[in-house]
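In my numbering, the protein residues as written are 938 to 1095. From the three backbone atoms N, C-alpha and C, an ideal C-beta is built for every residue, glycine too. Below is one structure, written out as structure tokens; comments come after it.
Structure representation (structure tokens):
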């Protein structure tokens, strides 16, 4: 791995550690929707680091000329680079969903209780994020990191 790629992957791993702490420590004691939102922001940040790593690797291998600044353009470029990768498409679809969640107004339910929930209203639907789905979001982000390392290095990471 190139040095910049390695740095981005390490930053992503550090962000995942912070998410882990938010879910299993901070959320355990505070139980507020704001902690859920902070965990989602960290997950988004992890995705950003991982996408950057894959794109830097592609640039180093002359697959692309430059890396766009916009997250949406980065996502589209990754989809162009790996058009047959269904897993990558699934992860990037989830990333796009996270971006929508973060940029939407949200409500709260059962704060300071076990089932604290962040409620996001979209024009045609509603999403609810509680501790359990937040753990699933974290797992999906970890899978994305492993998949990205596979794309870069060619070997599965444990």
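Taking C-beta atoms under 8 Å as the contact rule, residue 1053 and residue 995 fail to qualify, at a distance of about 40 Å. The closest CA to that of residue 999, considering only 967, 986, 1018 and 983, is found on 1018.
Taking 7 Å as the cut-off, the Cβ atoms of residue 963 and residue 972 count as close.
With a minimum length of 3 residues, the unbroken runs of beta strand (DSSP E) contained wholly in the segment 1011-1051 fall at 1043-1046. By the C-beta criterion, the segment 1001-1015 is judged not to be in contact with the segment 1056-1076, since fewer than 3 inter-stretch pairs fall below 8 Å. DSSP places residue 982 in no beta strand (DSSP E) but in the uninterrupted alpha helix (DSSP H) bounded by 970-997.
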